[in-house]
Amino acid sequence: MRNSRPQQPLLADAEINPQVEPPAAPLVVIGIGAAGLATLNQQAIAALRCADIVYGSARQLGLLAADPACCTALQQQWPSPLLPHLATTIGDITDGKRRVVLASGDPLFYGIGTTLINRYGRDQVQIISNVSSFQLACAALGWSTATTPVVSVLTQPVSVLQPLLDQGQPVMVLCRNRDTVTDLRDLLCSRGTPEITVTVLSDLGSRTQRIVAACAADLVAPDSDLVIAAVHPASPIRSVLPGLDEQEYQHDGQITKRIARSVTVCALRPMPGDHLWDIGGGSGSVAIEFCRSTPKTTATIFESNLQRQATITANVEQLVGSRIELSGAAPDACEKTLAAAHNGTGRLPTKIFIGGGLTHPGVVDIALAALTPGGVLVANAVTLETQALLRELHANHGGELVGLQVSDYHPVGSFGTLRPQLPLQQWRYVKPAA
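The sequence shown begins at 1 in this note's numbering and counts up by one.
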């Protein structure tokens, strides 16, 4: 359906309150609604009229061009990609010039406002917020903003939705552009759920606003790039708790078994913001369930076998979608990753799992060196040689040494028995705080 709105007055014609002064911060971020400059408050108008430089996308700066009397500042379009060139584009914010950054809706809701505050500091940046597309979409559908999950795919593939879709939750998707709708259709159909209802909302709050609901198989990209998609709830498929069945994974037999995997992920104590090193990834199951279980976690998997690397990539795409990167063989790849972290281009691990390569020279040493203070290392062993090494590590470094014995039901004629799996030993170590 299409909603029409009356023509908005030009900002230059707006009645200005002379008592409203422009913000004092050297960098002001103004959120603009889809209806354009007419959505701005008095403080935002004052900031624009006093600005020396205004930064924004071509679409945002085009709003100023349509109302030239509202702002006479130098206008600078963002480069692409933005983040590598952000500092050089903005320049020295201490030079006394008033800088205004145009953003969409709420600049702190998956917007540039957070990036600028992290880079320049809270005292140097003032945010003038507007209504977010998420709020407008929830209002249009009657969904609660407090309980509806929202995922941004502005810089991520739509496969990051996999854990939420597995649980059957409703979810708002902040789209990169109109093509994201097609990507979402393909994802839902590939999961075998073409019947799921998706509402596509574009240009919310503007005269060209459109809200169209359809089943996933019939989704059509809108004419606008200002899009948010609402995936309606469906029947749950998988839990995000650790312990997926082995059949959920592609693997060649090199996989941490389900119950041992559950125990291992819990022993790693995943917390939001954690970064995991999974050394000897096999099928990637531990890193995948580490990230599925806890939001805002990431992982690096170290695996030397090229075929298993391909398998891990497929499993990540199917079960978690993103947040996991793949590297080569330990310890060499670990040393390169550690060097990148020290150079500021990578992350130090807060959690480490060693499921393979435990006896390779240097693997344990680089893991202990890389682990952040207070971080957790968990190592599993089933062979006599690796179990002996775990006992040695426990004697030298402390921690916990535990054993796990699991038996599975197997038929014997018309009867049944419990057949034991290989016994597992597990070393759990918490690195002392510095």
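Ideal placement from N, C-alpha and C gives every residue a C-beta, glycine not left out.
Out of the options, which has the shortest C-alpha to C-alpha gap to residue i?
i	options	result
V231	Q77, H394, L201, D245	L201
A44	A25, A341, P157	A25
P107	G31, Q167, Q309	G31
D332	E303, G56, L404	E303
Y110	I228, T88, P222, A213	I228
A341	V378, P68, A369, A329	A369
D245	P236, S327, I259	I259
W277	D223, I366, T294	I366
T450	P420, E385, T180, L64	Look at the range of the chain in this structure, 1 to 434, and you will see that residue 450 is not part of it.
P23	T359, Q60, Q124	Q124
S144	M172, V364, L424, S190	M172
N130	C70, V29, T264	V29
L389	G413, G356, T417, T256	G356
A330	T345, T417, V364	V364
P194	P432, C70, G105, S235	S235
Would you kindly check if the distance between the Cβ of residue j and the Cβ of residue i is under 9 angstroms?
i	j	result
L458	R99	Nothing about residue 458 can be read from this structure; the chain reaches only from 1 to 434.
H251	T298	no
Q426	N396	no
A216	R185	yes
T350	T372	yes
P149	L319	no
L136	I112	no
L174	V151	yes
T359	E385	yes
Around the C-beta of residue i, are 16 or more other C-beta atoms found within 10 angstroms, so that it is buried, or is it exposed?
i	result
V402	exposed
Y409	exposed
Q126	buried
V20	exposed
Q247	exposed
P233	exposed
R261	buried
S407	exposed
A434	exposed
Helix, strand or coil: how does DSSP classify residue i here?
i	result
T88	helix
Y429	strand
D166	helix
P68	helix
Y120	helix
K296	coil
D186	helix
A339	helix
E195	coil
E21	coil
L74	strand
S144	coil
C215	strand
Less than 7 angstroms between C-beta atoms, sequence neighbours within five positions excluded: which residues of the same chain meet that for residue i?
i	result
V316	G284, I288, I324
I211	M1, A140, T199, L201
A34	D203, L204, G205, S206, L226
Q8	Unreliable positioning characterises Q8 in this predicted model, as indicated by a pLDDT of 46, which lies under 50. The coordinate reading is nonetheless provided below. Once the five neighbours on either side are set aside, the close Cβ partners of Q8 are A35, G36, A38.
H394	L401, W427
C50	P22, R98
V265	P242, V286, E289, F290, S293
Take residue i and list the residues in its own chain whose beta-carbon comes closer than 8 angstroms to its own, dropping the five residues that flank it on each side.
i	result
L74	D52, I53, V54
Y120	L27, I93
H275	T297, T298, A299, T300, R347, L348, P349, T350, K351
Q307	D252
S57	Q77, W78, L102
Please decide whether residue i counts as near chain D, where near means a Cβ-Cβ distance under 9 angstroms.
i	result
P79	Going by chain labels, chain D is absent from the structure shown, which holds only one protein chain.
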